[in-house]
Structure formats: structure tokens, C-alpha cells
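Everything below concerns the one structure shown next.
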């Protein structure tokens, strides 16, 4: 492992600690209570938040709401076409795993009591995949969720004074590629990384989820620490971009 | 039934024979051999054509290619969220029906011999639905298909002199709404139409598919004829838009 | 295309506008509230109407009834055996499509208010297939439906004065075979037809559904008109056969 | 338990050892290599034997054939409608159990070596159920199987001198109803029987399968013996009916 | 067939009427209301009885309880690994059949009125299979069921004076191996048996279920009688072992 | 957060850095090439390694082997019974996620080249669950895997000199419970933990996988470090226990 501070060559010219171009286009959809198209470079995910009154049966009568998520990739989001999970008649393990991760990440910044007995489902559909689809999904899902909550408060479905969001949340991937820790891996980097880690953090810097996997050789505590440092900085940048997107006038959209 | 020529009031101000704004954004995706985002007003469908060498087993060794299609709606493409078919573990009847219709429509303008033993799958994923998703899908799928064939010819996977496309194909819905035949129904019109018909025609005016259904009272031969007249004109307009889109320089994309 | 009026040779000696032998054997089953075995030549479909009080949840409390249908082919109804859909664990696209068509066709002649909050399911099981299974199904399903309604009225489950049936309904296939428009295609004709159309009409001549597909070259408006003329005459004949069958004393059955 | 020889009253007037009216209509289908409609009173099962060259992969190259069976009930074969297994997406336990029983019963009289590497599938579809559907299925399936083998020998697909059938096979239900052992239970008897037993035997009197179940109180060895005596006589009668049916000229069919 | 009394050589040295070593280890699990690990030689089944208040919807309000069972084999319980049924997405026919048999056998000794509106599910999971998994399951399931009922009575969930168990129940396999009737077949015997029979009997000697199948040649009434004699003696031994196990102090467990 | 070194009260009296009693019983099964029953306190998992020659199709001809795993919980392993995944017709998200984690962890210490074109599947079936089922599974699966490899080398199916295992691997859970970092959470601790982390490490101290989740409030880098320290010590203990178990004479088993 070489020093992460040394700008080592990445195939697209980024420095080790540089994000791809991140774009968040709010209100990409007309029907959804909150939505955005989030782009991390060529990775493009459509996040749609659906607000419904009421909660699943197992939560009824407890005065708390529910936030959950479903993730799926379009068949030709990838380099070569994959079969649709609906056609195969079952949801794959990876799809389930990522859906659950997004839901947990969002619930980490939700006060379900303040939400009231309401449910918000955030659908994250990957239109194009180039690495980091789960981290883009979490980052965009937060924006769609925030808009859906604002919309519900505007319509009086959630109390105006309630603060269902306790913080913001974003996610980024880090990994060791060719011996160097780097931030925000695209697909060519991801598929050759020795170690791959996804980190989810709140806007105020708390860790929500850390998932690190040695794809090749096991990694050391020092390497783990270098990766966590990179991730913390990257998430701070994403937090700014989320805040900027949400500060803009709502209901403008992609032209 | 009143005279279709009389401009009767439609809720969005269109004349009976007027299409919604139609936009075809080619090469919306980076990986797919051909793709477009097609919009009929607020209806938005992402069409991705995937080219692969070889054919399904039942076609092998016959020297002919295969074109097929899969259609699906994102869960929040509609006004209220629908469950994902992958989660339900099966593809619904309507989804199957439309997938088959798109495939048949495209095959009507394909010379499978000229295609060689190659397969093209066109995925039509509805990002937003406001009526006419199947007709927008067919219209956009043709453009994605044409690009995928051009790409395969450029790469030498299909003989450069071959002409796999024998014509263009497009589709439009017509229906009787509040007693009047109208063209290109949006969702509010579609859900109140007495009769609903989808027409698929080639660029040279041949009929590929007619599917007319009395939602309320049965309809007469005269009404059927009025609807077919509207459809023929609408499809002529769509054919022009397809030709214009394909004439533009390729590989430009949505900014 | 040659003139449909000219008797062109069909492989079984029929004239272009001639139906196969049609037989409707009412009350073929002992348990069902209405049933018939309908035969279009060698095509044989068992139609069973099941009456139950109550409606699906989404219809409750609206004072209206529901009519639906399920179609399926026995594995050895066809020339070579097909796998059972139950074994494959899913219902195929074609099966869904035809089930939905039969249901829509029957609902076109039902006043659901007059039916009261009752449900009738018509099962159409193809015992032997030789082309035209969907049109035979619709034609037979109407007879089973009429008997089930009469039975429910006799038992006081539907008001005796109510008129849930507003008309009769029947269906026939037409197509262009070897350049000639012909009526009621059997399997050998159907598998070589250039154009195939199924037409559903009421006893009083209203069009309920038109589904025309170019299997080979697209077809023209003139051809479409010739086919619709043939269909209208064929359905008039089927309407007479339905009326005759229903006029006979009930509860006689196949010996 | 009273003496089975004493004619105790059955609800339909039969003596304890009396079969319902049994009818076997051969060649009920035009496409299948062998078929019959078998009726035990109101129970009606359509048996279709499909012959195909080749065997499942796990049997290849061993020079032996395969005989198997699939059983299913039409949704309205019963008093009240049941959901289709295809719609439920899985085959129920009872359906599997009976399919396996029919297959085992037929294989007990098959010399798979003499069959050569060929497969025969016998589909038993219950058109109407009034008790004894599995025993009627086995009895009818044997007839369809015999016809399919004869057909394959006539066409030279099985050696003319081969004797794939080593015996005939038939089945009947027996049970203890209101304290009395009785033969061939119909549905009202079956649903109130204390003990219910299905017996499968060859034409020469060997036992192939015995399945006895105490529905209420356990039963004694004496009762078991009385039931087996009844079954042996009933199966002797069925064997005669099978032989008579097969002796008649083939290819006549239901008019 | 030779005389069953003559000690003919079995591959493991047992006499024809000898059980394998049978061990019943009660309370093998800490959570279940009743449980045991039952071993018939190398066959090892974990039986767990789960008590829940309430009954399935179709039984509600009738004042009666419900006992059912589910059987499954671990993928590597057998000599070579089998795929998990959960991965295949459906429960196989054999699994369903055995689950149903265990449930019926237990219900034969249950007074469902005395059980009250409570449900007991007995899960029988085969940890290791060496023939006789269904008979070991029934024998062990009875012990787990008895413990679950005792536990529910101790907790006051079933009336202390109620007697939900009317008898005990156990099961054993018998078969004709190399021409000799033998008791309790292990896998090598089972896979070469000419006839295979499973017998379920109560502690007081009543027959609950007899399932005999000719795997090779059909069998005679004399053979059937010899097998039933062997089974009756074997079940008497199992009944003693069940009684001894239940007499020991509860809540001791495997060390 | 208080100091992890201070022995804070745990409900079962353990110190913060104390494992539950760990037992590894090798060769618990007779058929499997390697197997063990691993117990972490009351958590009991049966690990069975199945060796088969050959690899999945997508790996053929590359000279490398494959190791994978499947995890499942018995329905009554938990406090209250859960439905079987096989009955529900699909494998749940959590089950998939853990199966994938076990497989990845084992592959981290496998040299697939040295394995040759052979496949080893390790089934981890949870017989009883009390927290930490995934970490017990990984720890036991390694032992079963080591035995299966030794067995294959003894039988000459893997070259005797090959070293397919490059290291050992074990896993443990850590978490913050009532403000204190603790090791090896049981179910009561796991269900109230604020943060829950699973750590997989090799015998030589490399990190294979880190999965940390904030169940309540996000956690800090300091907390993360305290948890990783605890985990490293716990895994060192587990590594010793694995080595001791594997050092004992093989083929002894549970009495």
C-alpha cells in the first residue's frame, strides 16, 4: 500500500480522494411525493418516494411510521443485459441485500414517532450502472425522502411542527485499487479492487453502516483506517450537495 | 357520436386529432447498442436495445435472427405506487400482453434473414405513465432498434449491405371519449373512454395490429372507421418524428 | 387478395364464409351452476360457470357484481403435449391474455348492477385444440353464464325481475389465408395465415373487441373491411346457435 | 362393524359390494396416442397418453423407457369451485401424491426394457369429481396406456414383438361407512367414512399398492381384511371392463 | 418368500424382526414447547413441537384445536447432497406427502375438542437419513407432542383435567428384501426392497395407516399378512420406548 | 460510552470481552465429507461440507475450484416458530445475505487453483438460535471445510501436496449494549444493542469482512475502534479452538 495522499494515477484521471461528478436533479417525476435523478458519473439512479397514510399491519396502533426501500437494476443498466428478476420469478440475494441497506440507512435519520402512522417507500431504480449504485441510491433516496416529508407536511398529513428527519444521510464507496486507497470507485475500479468498502454516514459525521470486504487478500487495521478517512471526507462533500439541491426552489425540473 | 372534425373540448386543450408533445431523445444510455427516452406528454419510456450474437435454441441453425421485447412499469411510474412484479414473484397478465405486442410489432418490419443469427432484445421500462405507455414504447423501441442495427452493421456483426429493417413502425391510441373520437389519449381520457383502440402501423401505411375494446357500450363500424382514420394520421406524424430523430447525428445525448 | 365471394379451395372443403360444425351441449357438468361443452369442429372447450354470493374485496359495498373468466389448455389438447402451467409454477402470457379477453367480452353484455353483489367465474378449459379456442370459449362461456344467471334467479339469489344480461355475445376468428379472407380458421389455416383477427360482437351487432394481427406482411384497410364483413356474418350464425341451445329444455345432457 | 355380505342401505341404493356404473369411452381425443374418458358414476376423468421418443436425461443410454403421470382437477370439477393450481403458482400436496401413485401403479405392469428408450406420459384430468377420482384415473390410464403402446407398435416405434405390458392394472376405493365395509365410495360416502382405503391390483390379482387411512377411529386387522376382500372383487370387475373396452374396434369414438 | 421366523442374514446382522437401536432424547431444544432427537440407527430426526394459542381461520369459533406437521430433509442428510427446496422455490411431492402423513397420524390420537382452540405444529427435520425417516418422525413427533401438551397444561393454556391425547402413536417400516419380510429397513435394504410398507399404529394396537407399495413384482395377501405381523410387534416395542422416554424426568437433556 | 475494560454487568455474568462457551463437535454426521456441530452458548449450528468433483458451468476449464455456502434456520430454532422458506416459495433476504457472507469468508482463505476443478458446498443449518448464528456458522464452516479438504486429499481427489487452505477463518459479533462495547452478543443483547458489528478475520489477523450497523444512534470512530479491538481478541480465541478441534483424532463423534 502506498500513501493515499500521493496522487496516484486513476484510469479517469481523478485524485485518490476525488468524487466523480455528482448531480442531483430533484422532482424528476410528476406523480411521486418526492423524487430525484441522482448521478455519480455515469451511474444514474431514479429515486422515487411514495407517501401513504397508514402502516404495515405489524406496526398498527403504535403511533409510529415506517420507511422502507426497494432497489432494482433495469436489465440494460449494465454493460451486458441481465434477465429481469420479475421474469425469473424471484428477487436475487444482492437486490434484497441492497434494498435492506438503503432502508436501514434512511431509518437511521428518521424519528418514526414524528412521522406519525404513515409509510414512505423509496424506490431506487438503477437506470445506468457504473459502480456505486448502492451509495448513489442512499444519497439520492435521502433527497427524495426529504421532499416527500416536506410535501406531507405541506398537505397537513404530518404535523407541521414535527421533525421526522433528525439528520441527513449519504453514502460512498472506498476501496484499495492497485494497492492504493481511493474514493468513489467506478465499475472498472470496483471490479479490480482488492478491498471494497461502503460507508454510510450522517451529515453530522456519525457512522450508520460500514461494510468492508476483502475481495482478494485480507486487509489490515491501517488500511481500514485510511479507507474510513477517505469516506468521511467524501460524505462531507455529498452532504453539501444534498443540502444545495434541497435549498433550490422545488418543482423545477430537468429540461 | 359527434363529428371528429369539430374541435371539441379536451381537458388539456388539444384538438381531437392532436398528438401530445412527442420527444425522442436518442442514445440516452451509454452501454446499450441503441436506446432512447421517448416522451408522449408526461408519459416517459426508456427503450434500450441489446444486441447479442446467437439466437435462442429453438431458432439455431436456420440462419435467421430474433427480435423480442420486454415491457415493465416502475413501481412509482403511476399515480399511486404499485408493487414490483419481481417481489410478487410473477409477471402480470397486462405486462406479458404488452411485451408480446411490442415484440410482434417490431418483427413486422424486420427481415430476420437479413439480421443473421443475432438477437436483439428491446427493453421498454416505463419511468412515468400518463396513458399510452404501450404506443410510446413501440414508437421508441423502433428508434432504439434502428440504432442497434446500425451499430451492429458498423461493427461488422451484420453485413453492411443487409437491410434488416423493411420499414418503420409506430403506434398510437385512439378512443371515444365523451362521445367523440380522439387521438393519443392521456390517462384521464383513457380511464373514462367508452372505446379504446391501439393501432400499430408501418411508415408506409400498412396495418400491423389493431386492438379495439369497448370499455362501455359496444361500438359500431362507423365509429371504428373514424378511429382508424385518426390513427392513420397520428402515425404518419410519429413516423416523421422517428425519421427526424434518426437523421440527427448519433451519440449526442441529453444534457 | 382475391374476392372473398369466390369459393376458393380450403383444405377441408369449406367455402370462405363457412363455419365449422358448431355444437353446444348444455349442462355437461352436474355441479356447475351453468356449463356447456362447445365444439367448433375438433376444437372442444368445457365452459363452467360458478356462481358465488359476494364480490372481491375491491368491489365490496358498491352494489355491483363481478364476472370474470379463466382459460387454460389441457396438456394434451394440442398435437404434441405441452407442460402444465401449474408445474411450471406460472401462468403463461398467452393464457393470461385470453382469460382477460373472455372476461372483458362477457362483461360487455352484463349489467353488473342488476347482478347484485354476486360473482360469476367462467372456467374455459380446452379439452382439444384445433384453432379458434378463444372464440369457441367466448361463445360457450356466454351460454354457461346465461344458465348460471337463470339458475341464480330461480333460486332467488338474483332478483327475478332483474335483467343482468343486456345482450348476447359471441366471437369468431377470421384471417387471410393464401391471399383469401376466410372465416373460422382451424389450426392448419391459423398456422399459415398472413393475417389473423379475432372479433367479438354482441347479438345485436355491436363490436366488443377487434384484435387483428399481421403475422406476415401488414394488411390494408380494404382487407380489414373484408375480414370484418366475414366476421359479422359468422357471429350472426353463432348467435342463432346460442339462442337455439338456450331455448331447449334445460338439464338434458350428453348421453 | 356388521357383516359386509348383508345388503345394508347405501344412500344410492347400491349393495355394499357394488360398483357404480363404470363407462370407458376409448379414443375420446383425436391427437393423443391413446385416450379415454373413464366414468365411475358421476366421476369423470379424461386420460390422455402421450408417446414421445427418448427418455429423461437421468435415464439416457440405459435402453429402458419411462412411464409417468400427471393428475389435476379442473377448478369446477367439484361441488364448489377451487382455485387453479397454476394461478397459485404451485402444485398442491394432494395433486403431487396422486400423480405419483398413478405413475407407480402403471409402472408395476410395464417392462421398461421392452418399451425401449421411449416415454409415455399419461395425463389424468378430472372433469367432474364425485369420489374415487384417483382410482378411476388409474383404471382409465391403463386403457390409454395400452392404446398408446399399440399405436407405437403399429408405427414401428416399439418393436412389434415386444411386450411392454406385463399385466393390466386397476384400482378401487373401499371404506368403512356407518360401520359397514363398502366398495367404490362416492363423495357423500367418502366424506363420512371412518376408514378409507385405496387398493391397486393387477389383472392377475397381485397387490400393487394399499393405502388405508383411519379418518376417525383406528381400524382392526379384521376390518382391514374385509376391505381387502371387497377390493379384490371390485378390481376383478374393473379388469373385465378394461378388457372389454380394449377388445372393441379402436378409433370409434363418442358421438 | 421364506419364513420370517428363520433368522436370515441381514447386511448389519439383525434378525428379520429386529429394530435398529432406537434412541429418543427429549428436550433437545431450549425454545420449543416439546422436542426430541429421535434416532433409528443412523437415521436422526429433530422433532420440535410449537404450541400457539388460536387456530387457522377455517377452524375459528368451533372450539376445537389443530395439530399439523411439516417434514423436511437437510440438504446433506443424505449420501449425496440434494438441493434445498427453498432454493428451488417449491416443496417437492415426497416432502408434502410425508408431512401430511405425520399430521394425519398424530391427529388420530388427538381429541381436538380437549385441545381447545390451540394449534400445535410439529416440525420434523431430518438431520441424517438412513431409511425410515418418516417412521422415525412419527415416533418422535408423538413424544414432542406429548411434552408440548403437558407444558401447555402446566401453563394453564389447556385445561389441566383435559385429556387431548387419547392414545400414543408410532410407526415402522417393513418390507420384503431378498425374498424375506424384515422389520425397520435401513437405506441399503430400502433401496433394494421388492415391497415396502409403512405402518402407523396406536399404542393399543389399532391401525392408523397402512401404505404398502410393490417396488418390483406385486405382492400377495400372504406376504401382506406377514408384513403386518412384523409391524405390529415392532410398533409394540416403539410404544414401550416412547413410554419410557416420557416417564423420565423432563428437562434433562443431551450432555 | 464507558470503558470496555471495566467489567460491566452483562445479564449472564460475562465480562465485556468474554465469549460464551464455544464447543465444536467434529464429524457429527456420517455421510458428509466434513461436518461439525458448533455451539456458541445456546446457539447451535450444524455445518456440513459436501465435496463434489467438477465445478459450475461458468467456471469450467479454468483449472480452479469453487467453495460456496447455504445458510438456513430451522423453523423452531427461534423463540417463536417461523414459516419455512420452502413453503413460502422463496428464500428471504436475510438468508441470502448470510449465505453469501459465509461463502465469501471461506473463499478468503482458499486457493481455488490448489483445489483443482472441485466444488465444496458448506451447509449451515441453524438448529437453535440465540444470537450470533452467522458468526458461529463461519467458525464451524471452516472446520467442516478443513475436514472435507483433508478427506479429498486422503482419497486422492485433491493432490496430496496441494495447500488449498491458505489460512484459517473465524467470525464474531461485537456491539454496543447499554453504552458498553461487548463481545459475542446473545439474543437478548443483540436485540437491544445500539450498534451491532460482525467481524470476520483470518487466523493470522487479517480482516476479511467488517459489517457494522447502527441500530439506534450512529456510532463514532472511537466506538468503532473499541469494537474492532474486542473482535480481534475474540477471534484469536476462536482460532485456538478451531485448531484444537482439528488437532484431535478425526471420526470420533458426539456420544
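Protein chains in written order, with my numbering: chain B, 43 to 297; chain E, 43 to 297; chain D, 43 to 297; chain L, 43 to 297; chain Z, 43 to 297; chain Y, 43 to 297.
All C-beta atoms, glycine included, are put in the ideal place defined by N, C-alpha and C.
{"Asked": "Beta-carbon proximity list for residue 94 of chain B, same chain, < 6 Å, skipping 5 on both sides", "Found": "161"}
{"Asked": "Among E/227, E/207, E/127, nearest to residue 175 of chain E - alpha-carbon criterion", "Found": "E/227"}
{"Asked": "C-beta neighbour in chain Z for residue 284 of chain L, strict 8 Å", "Found": "no"}
{"Asked": "Member of B/167, B/132, B/108 whose CA lies at the smallest distance from the CA of residue 146 of chain B", "Found": "B/108"}
{"Asked": "Inter-residue Cα distance where the pair is residue 255 of chain B and residue 220 of chain Z", "Found": "57 Å"}
{"Asked": "Residue-chain proximity (residue 250 of chain E, chain D), Cβ-Cβ < 8 Å", "Found": "yes"}
{"Asked": "Interface partners of residue 169 of chain B on chain E, CB under 9 Å", "Found": "70, 71, 88, 167, 169"}
{"Asked": "Straight-line gap, residue 213 of chain L to residue 66 of chain L (C-alpha atoms, nearest Å)", "Found": "14 Å"}
{"Asked": "Beta-bridge partners of residue 298 of chain Y, as assigned by DSSP", "Found": "Outside the modelled stretch of chain Y, which goes from 43 to 297, sits residue 298 of chain Y, for which no answer is possible."}
{"Asked": "Classification of residue 91 of chain Y by the beta-carbon crowding that lies within 10 angstroms, buried from 16 upward", "Found": "buried"}
{"Asked": "Residues of the segment 116-142 of chain L with Cβ closer than 9 Å to any Cβ of chain Z, in chain order", "Found": "131, 132, 133, 134, 135, 136, 137, 138, 139, 141, 142"}
{"Asked": "C-alpha gap between residue 251 of chain Y and residue 141 of chain Y, whole angstroms", "Found": "14 Å"}
{"Asked": "Per-residue burial, residue 44 of chain B [other beta carbons within 10 Å of its own, 16 or more giving buried]", "Found": "Its pLDDT being 45, under 50, residue 44 of chain B is placed unreliably in this model, and the coordinates cannot settle the point."}
{"Asked": "From D/82, D/71, D/70, residue whose alpha carbon lies closest to that of residue 60 of chain D", "Found": "D/82"}
{"Asked": "Residue 54 of chain E classed as buried or exposed, judged by whether at least 16 other C-beta atoms fall within 10 angstroms", "Found": "exposed"}
{"Asked": "Residue-chain proximity (residue 84 of chain D, chain L), Cβ-Cβ < 8 Å", "Found": "yes"}
{"Asked": "When E/178, E/163, E/106 are compared against residue 170 of chain E, the one with the closest alpha-carbon", "Found": "E/178"}
{"Asked": "Alpha-carbon spacing of residue 224 of chain Z relative to residue 215 of chain Z, whole angstroms", "Found": "9 Å"}
{"Asked": "7 Å Cβ shell around residue 119 of chain B - same chain, five flanking residues per side excluded", "Found": "168, 169, 170, 171"}
{"Asked": "Inter-residue spacing [alpha-carbon to alpha-carbon] between residue 276 of chain D and residue 183 of chain E", "Found": "37 Å"}
{"Asked": "Local conformation of residue 230 of chain D per DSSP, three classes", "Found": "helix"}
{"Asked": "Three-state class that DSSP yields for residue 299 of chain Z in the structure shown", "Found": "Examination of residue 299 of chain Z is not possible in this model, given that chain Z is present from 43 through 297 alone."}
{"Asked": "Residue interval of the alpha helix (DSSP H) (run including residue 177 of chain D)", "Found": "175-196"}
{"Asked": "Beta carbon proximity, residue 163 of chain L to chain D, threshold 8 Å", "Found": "yes"}
{"Asked": "Nearest-angstrom Cα separation, counted from residue 289 of chain B out to residue 76 of chain B", "Found": "14 Å"}
{"Asked": "Contact set between the segment 227-252 of chain E and chain F, restricted to residues whose Cβ is under 9 Å from the partner", "Found": "Structure shown: chain F not included; protein chains present are B, E, D, L, Z and Y."}
{"Asked": "Chain L contacts made by the segment 252-279 of chain Z, where a contact means CB separation under 9 Å", "Found": "252, 253, 254, 255, 256, 257, 258, 259, 260, 261, 262, 263, 265, 266, 267, 270, 274"}
{"Asked": "Short Cβ contact (8 Å threshold) for residue 249 of chain D with residue 230 of chain E", "Found": "no"}
{"Asked": "Residues of its chain near residue 278 of chain B, where Cβ-Cβ distance is below 6 Å and the 5 sequence neighbours each way are ignored", "Found": "none"}
{"Asked": "Residue range of the unbroken beta strand (DSSP E) whose run includes residue 304 of chain B", "Found": "Because residue 304 of chain B is not part of the residues shown, which for chain B are 43 to 297, the question remains open."}
{"Asked": "Proximity test, Cβ basis, 8 Å: residue 212 of chain Y and chain B", "Found": "no"}
{"Asked": "Beta carbon proximity, residue 74 of chain L to chain D, threshold 8 Å", "Found": "yes"}
{"Asked": "Cβ of residue 179 of chain B within 8 Å of any chain E Cβ", "Found": "no"}
{"Asked": "Inter-residue Cα distance where the pair is residue 272 of chain B and residue 113 of chain Y", "Found": "34 Å"}
{"Asked": "Option in D/201, D/253, D/86 with minimal Cα separation from residue 155 of chain D", "Found": "D/201"}
{"Asked": "Contacts that residue 114 of chain D makes with chain L (C-beta to C-beta distance below 8 Å)", "Found": "126, 128"}
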